[in-house]
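Note sheet for the following structure.
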Amino acid sequence: MSRAAASLVGKSVKIGDYTVNVREKIGEGGYAWVYRCDDASGNQYALKYVNCLTPERFEQFKLEADILSTLPEHPNIVKLFASDANSKTLIINLLYEYCPMTAISILSKREMTREEILIFFTACATAVQFLHQQNPPIIHRDLKPENLLVALDGTPKLCDFGSATTKIYKIKNVNEINSASEDIERNTTQNYRAPEMIDLYKRVEIGTPADVWALGCTLYKLIYRDDLYKPDERLPILQGKLRIPQDCDDSFAMIIESCIKVDPTKRPPAEQIAGTAKMLRGPHDKIAVPVPQNQQQTQAPIQGAQSANGVASQNKGKVREGGAAAAGGGGGEWKWANPLKFVQEQYRSWVASGASQWAIKATFASNDPPASKYVRRVLLASVRHTEMSQTALADFLLNQRPWQTDPRVAAKSLYLILLLIQYETNLNEFIPITVKTDQVIAHFTQSHVDPKQRAMVEAINQLGYIVRTKVMLHAAHKELEGNLAFGDKKLSENLENDLARYLSTIAKPAKSLLSTASSAKDFAIAVMSQPAIEEVSNAFKLLQYIRKRDESVAALNEGNAVLDIAKKFPYLQTAIIFPDDSKPPQPPFQRFVVQQ
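Each residue of the sequence shown is one higher than the one before, counting from 242 in this note's numbering.
Below you can see the structure in the form of structure tokens.
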């Protein structure tokens, strides 16, 4: 430690508009020291004292200060309160928010739970999404668990912006190769580098997808406490070779596989990864921070919590070549009793195109919710009738998807069908599908189902019942569009009576869906309950608008009770337009445009 750095403990230091008292050293590197500080009000900070030694390193840390000081605040990016830089002494002081823990401090002691992994990874992916959405996009270039901190309130924070850049390399000649090589060598971690950063002679553009590759490597290390690639493994990186253990959670395997693509154009944007991670994570976004003892905070193991790879030691040597997401979510089971069927399902999505390919991906057999990206594409294609109509898509889901093989495919197909018919203007053509939906319900009612899939079978029963009941209502009331809007059409005299009965009828399966999602702690079912709750909401709006009879109040109360329960689910609270006035539902297409 330098003499100046050592003498800071116990001193009062002024940085910008902040005056802090340096209490203790909590970390150090080759030329940087980190101290815990506080101000007169007791607020805690972390002071990073950097003796840069060289002008190049000075510029690097000054860049970190410049980026963080101009970047809008984000909950998952460490906050810089103040900085000062002395170009003569090459010393920089950076005053950050105090973060008592790191992801590595947990990994060094134990495996993380699945929830902890998702909290850390979602925070990291969300921060990267935010960086990439800046103008120009900011590329972090040094994503890894070592750069994930935990604030006092348990919020994970991405740090270390000394390697960040807005420069996108479009290499054209040898001189540019040499320049890029020096920059990459100096500012990135070797085994987190994407292939385009290693083989510069291929002259592949280096931009934001390099961060996406590093996100895949980061997730792997959060799960297994080990690097996906070793520093000397250039060839496996260039080939995008993956060897994911069999016990890997299905959702994690699919994310890693999507990130680790040799072609950067085939990697998903950070926004998509963050969205997937958020859906998997659910509402919890904080890491448990232990109570400090004499200011020395340590992370104690969570008793009784199961690690995400709790059976890893039993499965060493058992890997899934190529990183294909072949294991069941959360439990390590195969998605299908016969892995060949999984391969067949993958093949279906590869050979399909357009709306049918999106429908396959939206209803893929996994414990994850239907992929929102593909659901939106299916809905947009059906509304525009650019490829397949709603009825053609419903027929595809019921007759060409292998729903008999897996209840998850069946449940997601019924979920998508209910969404599709809510965007239809005339439901007459949907009457024949009730025969098929009844067959789906009967199949799983009469078949032996894995106990772990009972919640999904319950979702099948409730969604199928709502689809059938809805189609029958529209058969009797052709003036109603898919989401119960009526436009300028004349309403039939007996609509109020039928609608009250309908609302009372569908409120029960909708409530059952919410109960199943809550008791099973199944986020996928909570997501799949969305069209059911929207149906209750639309029926409530219309009945409230046309009500003349006191007898309808009971049905309105039943519907309102279900909507109150739904509002307690964070996902549904943001995904659904709940009744807030006496207006009837909007026409389906107008509603779709508004939501988009």
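Beta carbons are placed, not taken as given, at the ideal position from N, Cα and C, and that holds for glycine.
Would DSSP call residue i helix, strand or coil?
i       : result
Cys-278 : strand
Ile-674 : helix
Gly-268 : strand
Ala-726 : coil
Leu-309 : helix
Phe-322 : strand
Thr-260 : strand
Tyr-470 : coil
Gly-380 : First, the residue type needs correcting, since residue 380 is Ile and not Gly in the sequence shown. It is a strand residue.
Met-342 : strand
Thr-757 : helix
Ala-603 : helix
Ala-529 : coil
Ile-464 : helix
Might you give, ordered along the chain, the residues of its own chain that have their beta carbon closer than 6 angstroms to the beta carbon of residue i, omitting 5 neighbours on each side?
i       : result
Glu-446 : Lys-411
Ile-308 : Phe-402, Ala-405
Ala-209 : Because the chain is modelled from 242 through 837, residue 209 falls outside the range shown and cannot be assessed.
Arg-466 : Leu-348
Thr-796 : Checking the sequence, you will find Ala at residue 796 rather than Thr. Result list for Ala-796: Ala-741, Leu-744, Ser-745, in chain order.
Leu-288 : Tyr-276, Cys-278, Leu-336
Gln-694 : Pro-648
Glu-665 : Gln-631, Gly-723
State the Cα-Cα distance for the pair residue i and residue j, rounded to the nearest angstrom.
i       : j       : result
Leu-399 : Leu-384 : 8 angstroms
Ile-601 : Asn-702 : 21 angstroms
Ile-409 : Trp-454 : 16 angstroms
Asn-317 : Ser-597 : 37 angstroms
Val-250 : Arg-264 : 6 angstroms
Ala-780 : Ser-753 : 17 angstroms
Ser-733 : Ala-700 : 33 angstroms
Ala-683 : Lys-677 : 10 angstroms
Asn-262 : Gln-301 : 27 angstroms
Ser-630 : Asn-376 : 39 angstroms
Ser-745 : Thr-430 : 60 angstroms
Gln-285 : Ser-310 : 19 angstroms
Leu-704 : Lys-782 : 21 angstroms
Ala-608 : Ser-328 : Rather than Ala, the amino acid found at residue 608 in this sequence is Asn. About 55 angstroms.
Trp-644 : Pro-611 : 14 angstroms
With 16 as the cutoff for other CB atoms within 10 Å, does residue i come out buried or exposed?
i       : result
Tyr-276 : buried
Lys-808 : exposed
Leu-850 : Here the chain comprises residues numbered 242 to 837, so residue 850 is not present and cannot be evaluated.
Ala-696 : buried
Thr-260 : exposed
Leu-476 : exposed
Glu-423 : exposed
Glu-269 : exposed
His-525 : exposed
Arg-522 : buried
Ser-623 : buried
Ser-282 : exposed
Asn-414 : exposed
Glu-297 : exposed
Val-794 : exposed
Leu-771 : Per the sequence presented here, residue 771 reads as Gln, with Leu not at that position. Result: buried.
Ala-802 : exposed
Ser-248 : exposed
Ile-747 : buried
Gly-257 : exposed
Gln-480 : exposed
Gln-374 : exposed
Locate the beta strand (DSSP E) running through residue i, then write down its first and last residues.
i       : result
Asn-334 : 332-338
Gln-285 : 285-292
Ile-485 : 484-486
Ile-256 : 253-256
Lys-782 : From DSSP, Lys-782 is part of no beta strand (DSSP E) but of the alpha helix (DSSP H) over 771-787.
Note the first and the last residue of the continuous alpha helix (DSSP H) segment covering residue i.
i       : result
Lys-653 : 648-663
Lys-519 : 511-522
Val-794 : 793-807
Lys-398 : Note, Lys-398: premise wrong, no alpha helix (DSSP H); beta strand (DSSP E) at 397-399.
Val-391 : Counting along the chain, Val-391 falls outside any alpha helix (DSSP H), though it belongs to the beta strand (DSSP E) covering 389-391.
Gly-705 : 695-717
Quick one: residues in its chain with C-beta nearer than 7 angstroms to the C-beta of residue i, no 5 flanking neighbours on either side, listed in chain order?
i       : result
Ala-717 : Asp-739
Could you pull out every residue in the same chain whose Cβ sits closer than 8 angstroms to the Cβ of residue i, ignoring the five residues on either side in sequence?
i       : result
Gly-448 : Pro-378, Ile-380, Ile-409, Tyr-410, Pro-505
Thr-675 : Val-708, Arg-709, Val-712, Met-713
Phe-361 : Ala-344, Met-353, Pro-386, Leu-389, Pro-397, Leu-463, Ile-528
Asp-440 : Leu-479
Taking 8 angstroms as the cut-off, is the beta-carbon of residue i closer than that to any non-hydrogen atom of the ligand MN?
i       : result
Tyr-290 : The ligand MN is not part of this structure, which contains no ligands at all.
Against chain B, does residue i count as a neighbour if the rule is that its beta carbon must be under 9 angstroms from one of theirs?
i       : result
Ala-451 : The structure shown contains no chain B, having only a single protein chain.
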